[in-house]
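J.: Numbering-wise, our numbering comes out as the position in the sequence shown, counting from 1, plus 499. Just so it is clear, CB atoms sit at the ideal spot from N, CA and C, and this is done for glycine as well. Keep in mind it's a predicted model, so treat the numbers as computed, not measured.
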Amino acid sequence: MTAPAADHPASRATRRLTAADVAAAGRLIAKGGLVAFPTETVYGLGADATDPMAVASLYAAKGRPSFNPLIAHVLSLEAALALGRFDATARMLAAAFWPGPLTLVVPCEETSPVCDLARAGLPSVALRAPDHPLARALLEAAGRPVVAPSANRSGRVSPTTADHVLADLDGRIDAVLDGGETAVGVESTIVACLDAEPRLLRPGGLPREAIEAVLGRSLAEAVSDEAAPLAPGRLTSHYAPNAAVRLDATELSAGEALLGFGPDHGLGAQAAAYENLSPSGDLREAAARLFAALRRLDASGAARIAVAPIPATGLGEAIRDRLERAAARAGERPNLRRSSLPALAPSTVLMLRRPEGPSRSTQSLRS
């Protein structure tokens with residue numbers, strides 16, 4: 500429920516759904532509701548990508564700045580072709596890795612139904628076909644593209660369980676579709692195919708090396724522009740716990756929690772709280788455990804989390820990207836230009852509400 504909109508009273512709890520409720524969840528999205536759901540990467544907060552009122556509610560529920568574009572989720576390349584223009588490179592990558600943890604940023608089709616607000620007013624659109632049975636069943640039930648940023652408050656640690664979603668968004672969204680813990684654990688890799696040079700916008704659940712093997716060449720690096728990012732996950736401070744984060748720690752200060760990787764050489768016993776992403780040094784296991792481990796260490800009450808060195812190869816690149824953004828202090832964020840698409844206040848959501856039609860409350864699930 501998107502507080503404080505009148506059809507979402509703060510006293511109403513967000514409903515937890517199961518796989519048996521996926522058709523009802525799809526109907527809720529089709530009516531403009533907000534439903535969190537599992538993908539193979541993290542839990543996403545789903546809304547109708549074609550409905551600016553639903554997208555505005557999503558931005559408000561997350562507290563997300565509306566200059567930060569959203570990823571539209573589809574079932575297939577065929578569905579994506581109605582939304583964006585795919586050159587030969589984009590088609591090759593979609594054929595190789597969809598469904599899966601790869602988002603492609605392509606020029607938006609002029610007739611694309613994805614609303615401007617979901618694209619942050621950009622001439623491009625970010626598209627992904629997820630590889631999770633509940634996500635795909637939800638897309639089928641909704642019958643439309645679904646935007647789905649991570650189902651958390653903006654800038655915070657991403658959710659990998661339904662409980663994580665409820666910890667951040669209970670009372671702010673209509674429902675969460677509980678599909679257990681996600682498998683990959685970090686968000687999708689994002690590649691821009693806007694010209695002859697495909698560019699890596701965000702490392703993620705698909706390693707760079709796998710993409711480059713299909714391309715037969717190296718991915719170009721994207722130029723960072725926080726004022727008008729082409730894709731999500733590009734802000735300097737992101738994925739952040741309340742505790743400060745210190746990277747590449749080989750020793751501990753008093754009172755620090757430790758996020759380990761590989762053998763801890765006795766450091767774990769010295770820590771105020773301790774989690775090891777993978778005692779064996781397995782990067783796949785580490786990625787899957789990253790956000791849940793950060794949440795547990797944050798809940799320990801430690802003022803700072805020290806992070807053991809993690810290699811920047813394979814999935815390690817995505818893990819380090821998330822940790823580096825988690826370590827960025829809020830006071831160090833650049834002064835972002837927001838004049839073209841300012842963040843939406845709750846009052847804006849109220850103004851955008853439909854004058855008539857069914858409420859987006861959880862009562863809709865009974866229809």
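1) Going by DSSP in three states, ALA518 sits in which element: helix, strand or coil?
2) From this set, PRO810, HIS631 and ALA801, which residue's C-alpha is nearest GLY780's C-alpha?
3) From the DSSP output, read off the bridge partner residues of ARG607.
4) When the Cα of ALA771 is compared with those of ASP747, ASP797 and ARG821, which residue comes out closest?
5) Which full runs of the beta strand (DSSP E) of 3+ residues lie inside the segment 701-780, going along the chain?
6) According to the neighbour-count rule (16 or more other Cβ atoms, all chains shown, within 10 Å of its Cβ), is GLU696 buried or exposed?
7) Note down, in chain order, each residue of its chain lying with its Cβ closer than 7 Å to the Cβ of PRO606, except the 5 sequence neighbours on either side.
8) Which first and last residues belong to the alpha helix (DSSP H) in which PRO537 is found?
9) Do LEU746 and GLU823 have their C-beta atoms closer together than 8 Å?
10) Where do the N-terminal and C-terminal ends of the alpha helix (DSSP H) with ARG635 fall, by residue?
11) Report, in whole angstroms, the separation of the C-beta atoms of ILE710 and LEU718, which I expect to be a contact under 8 Å.
12) Whose CA, out of THR588, ARG643 and GLY670, lies closest to the CA of ALA559?
13) When we look at the beta-carbon of ARG716 and count the other beta-carbons within 10 Å, is it buried (16 or more) or exposed?
14) Report all residues from its chain with a CB closer than 6 Å to the CB of ILE689; omit the five preceding and five following residues, and keep chain order.
15) Which class does ARG627 belong to by DSSP, given the choice of helix, strand or coil?
16) Closest to ASP662 by C-alpha separation, out of GLY759, LEU544, ASP677 and ALA522, would be which residue?
17) Please classify HIS764: is it buried, with 16 or more other beta-carbons within 10 angstroms of its beta-carbon, or exposed?
18) What whole-angstrom Cβ distance do VAL573 and PRO644 have, given they're in contact under 8 Å?
19) Looking at C-beta atoms only, is the number of pairs between the segment 652-659 and the segment 623-632 that lie closer than 8 Å three or more?
20) Quick one: what's got a C-beta closer than 7 Å to THR517's C-beta in the same chain, skipping five residues either side?
21) Can you tell which of ALA785, GLY704 and ALA739 has its C-alpha closest to the C-alpha of GLY654?
22) What residue range does the beta strand (DSSP E) around ARG803 cover?
23) Could you give the C-beta distance for LEU776 and LEU758, rounded to a whole number, given that I count them as a contact under 8 Å?
24) If I follow the unbroken alpha helix (DSSP H) through VAL664, where does it start and stop?
25) What is the residue span of the beta strand (DSSP E) that LEU574 lies within?
26) Taking the alpha carbon of ALA742 as the point to measure from, which residue in ARG803, GLU539, ARG514 and ARG627 has its own alpha carbon closest?
27) Can you name, in chain order, every residue of its own chain whose Cβ lies under 6 Å from the Cβ of ALA641, other than the five neighbours on each side?
28) Opposite ALA691 in the DSSP bridges: which residues?
29) Over the uninterrupted beta strand (DSSP E) stretch that includes VAL675, give me the two end residues.
30) If you run the structure through DSSP and keep just helix, strand and coil, what is GLY543?
31) If you compare alpha carbons, which of ASN651, GLY684 and ALA548 is closest to ALA792?
32) Measure how close the beta-carbons of THR681 and GLU539 come, nearest whole angstrom, since I'm counting them as under 8 Å.
33) Please report the straight-line C-alpha distance between PRO566 and GLY813, rounded to a whole angstrom.
34) Buried or exposed for SER649, going by 16 or more other Cβ atoms inside 10 Å?
35) In whole angstroms, give me the CA-to-CA distance for GLY620 and ALA768.
T.: Put simply:
1) Against the sequence shown, residue 518 aligns to sequence position 19. Helix, per DSSP.
2) Position 281 of the sequence shown holds residue 780. Cα-wise, what sits closest to GLY780 is PRO810.
3) As a position in the sequence shown, residue 607 is number 108, starting the count at 1. First, the residue type needs correcting, since residue 607 is Cys and not Arg in the sequence shown. Answer is GLY583.
4) Against the sequence shown, residue 771 aligns to sequence position 272. Nearest of ASP747, ASP797 and ARG821 to ALA771, Cα basis: ASP797.
5) 743-745, 756-759 and 773-775
6) Looking up residue 696 in the sequence shown gives position 197. Classification of GLU696: exposed, given that the 10 Å Cβ count is below 16.
7) The sequence position of residue 606 within the sequence shown is 107, counting from 1. Excluding residues within five positions, the ones whose Cβ falls inside 7 Å are GLY583, ARG584, PRO622, SER623 and LEU693.
8) Start at 1 with the first residue of the sequence shown, and residue 537 comes out as number 38. Run containing PRO537: none in the alpha helix (DSSP H); it sits in the beta strand (DSSP E), 534-537.
9) The count along the sequence shown starts at 1 and reaches residue 746 at position 247. The count along the sequence shown starts at 1 and reaches residue 823 at position 324. The answer is yes: Cβ separation under 8 Å.
10) Numbered from its first residue, the sequence shown carries residue 635 at position 136. Counting along the chain, the alpha helix (DSSP H) containing ARG635 begins and ends at 632-641.
11) Mapped onto the sequence shown, residue 710 falls at position 211. Mapped onto the sequence shown, residue 718 falls at position 219. Going by Cβ atoms, the distance from ILE710 to LEU718 rounds to 6 Å, so yes, they are a contact pair.
12) Along the sequence shown, read from residue 1 onward, the residue named residue 559 stands at position 60. Nearest C-alpha to ALA559: GLY670.
13) Along the sequence shown, read from residue 1 onward, the residue named residue 716 stands at position 217. Its Cβ having fewer than 16 others within 10 Å, ARG716 is exposed.
14) Within the sequence shown, residue 689 is the residue found at index 190, counting from 1. So the qualifying residues of the chain are THR602, LEU700, ARG701 and ALA730.
15) Residue mapping note: residue 627 aligns to position 128 of the sequence shown, counting from 1. ARG627: strand per DSSP, three-state reduction.
16) Numbered from its first residue, the sequence shown carries residue 662 at position 163. When only C-alpha atoms are compared, the closest one is ASP677.
17) Mapped onto the sequence shown, residue 764 falls at position 265. Classification for HIS764: exposed.
18) Residue numbering aside, residue 573 sits at position 74 when the sequence shown is read from its first letter. Residue numbering aside, residue 644 sits at position 145 when the sequence shown is read from its first letter. Their Cβ separation, rounded to whole angstroms, is 5 Å, which keeps VAL573 and PRO644 in contact under 8 Å.
19) no
20) Along the sequence shown, read from residue 1 onward, the residue named residue 517 stands at position 18. The residues are ASP677.
21) Taking the first residue of the sequence shown as 1, we reach residue 654 at position 155. Nearest C-alpha to GLY654: ALA739.
22) Counting from one through the sequence shown, the residue named residue 803 turns up at place 304. Unbroken beta strand (DSSP E) run through ARG803: 803-806.
23) Here residue 776 is taken as the residue at index 277 of the sequence shown, counted from 1. Here residue 758 is taken as the residue at index 259 of the sequence shown, counted from 1. LEU776 to LEU758, Cβ: 7 Å. Contact.
24) Counted from its first residue, the sequence shown places residue 664 at position 165. First-last of the alpha helix (DSSP H) with VAL664: 661-668.
25) Locating residue 574 in the sequence shown gives position 75, where the first residue counts as 1. Careful: LEU574 lies outside any beta strand (DSSP E) and carries neither H nor E.
26) Position 243 of the sequence shown holds residue 742. The shortest Cα separation from ALA742 among ARG803, GLU539, ARG514 and ARG627 belongs to ARG803.
27) Taking the first residue of the sequence shown as 1, we reach residue 641 at position 142. Hits under 6 Å: GLY525, ILE528 and ALA529.
28) Here the question's residue 691 lines up with position 192 in the sequence shown. DSSP lists VAL604 and ARG698 as partners of ALA691.
29) Counted from its first residue, the sequence shown places residue 675 at position 176. Judged by DSSP secondary structure, VAL675 falls within the beta strand (DSSP E) whose first and last residues are 674-676.
30) Counting from one through the sequence shown, the residue named residue 543 turns up at place 44. Here GLY543 sits in strand by DSSP.
31) Position 293 of the sequence shown, counting from 1, holds the residue named residue 792. Checking every option, the nearest Cα to that of ALA792 belongs to GLY684.
32) In the sequence shown, the residue the question calls residue 681 occupies position 182. In the sequence shown, the residue the question calls residue 539 occupies position 40. Rounded, the Cβ-Cβ distance is 6 Å, consistent with contact.
33) Here residue 566 refers to the residue found at position 67 of the sequence shown. Here residue 813 refers to the residue found at position 314 of the sequence shown. Checking the sequence, you will find Phe at residue 566 rather than Pro. Roughly 30 Å separates the two Cα atoms.
34) For this step, residue 649 is matched to residue 150 along the sequence shown. Counting Cβ neighbours within 10 Å, SER649 comes out buried, since at least 16 surround it.
35) Residue 620 sits at position 121 when you count from the first residue of the sequence shown. Residue 768 sits at position 269 when you count from the first residue of the sequence shown. Their Cα atoms are separated by approximately 51 Å.
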